[in-house]
């Protein structure tokens, strides 16, 4: 898999529980992936964004989180 490999995960309309299940599944499938772009939205509140930053910032294999926009967060899994 090329080093540019990334996954985009759209969490619109999901509860926090459903979002955790989807994120955990994406992390399990992340072999060869350097970044997971999570689209969580923000017009209907920030609960998903806040949960991601609270629960996934220090969770392996996540190296760091980056705010790509108000509605999108990137989980960086490895450096290029």
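In our numbering, the protein residues as written are 124 to 203.
Don't be surprised by glycine CBs; every beta carbon is placed ideally from N, CA and C.
Within 9 Å, strictly: CB atoms of residue i and residue j
{"i": "residue 178", "j": "residue 143", "result": "yes"}
{"i": "residue 175", "j": "residue 153", "result": "no"}
{"i": "residue 150", "j": "residue 159", "result": "yes"}
{"i": "residue 180", "j": "residue 156", "result": "no"}
Inter-residue Cα distance where the pair is residue i and residue j
{"i": "residue 148", "j": "residue 182", "result": "14 Å"}
{"i": "residue 132", "j": "residue 146", "result": "8 Å"}
{"i": "residue 196", "j": "residue 172", "result": "8 Å"}
{"i": "residue 169", "j": "residue 192", "result": "13 Å"}
{"i": "residue 186", "j": "residue 164", "result": "22 Å"}
{"i": "residue 167", "j": "residue 184", "result": "29 Å"}
{"i": "residue 135", "j": "residue 194", "result": "10 Å"}
{"i": "residue 124", "j": "residue 188", "result": "Low confidence applies to residue 124: its pLDDT is 43, below 50, so where it sits in the model is not reliable, and the reading given next is rough at best. Between residue 124 and residue 188, the C-alpha separation is close to 22 Å."}
One or two residues paired with residue i in a DSSP bridge
{"i": "residue 159", "result": "130, 198"}
{"i": "residue 187", "result": "199"}
{"i": "residue 153", "result": "The partner list for residue 153 (beta bridge, DSSP) is empty, contrary to what the question assumes."}
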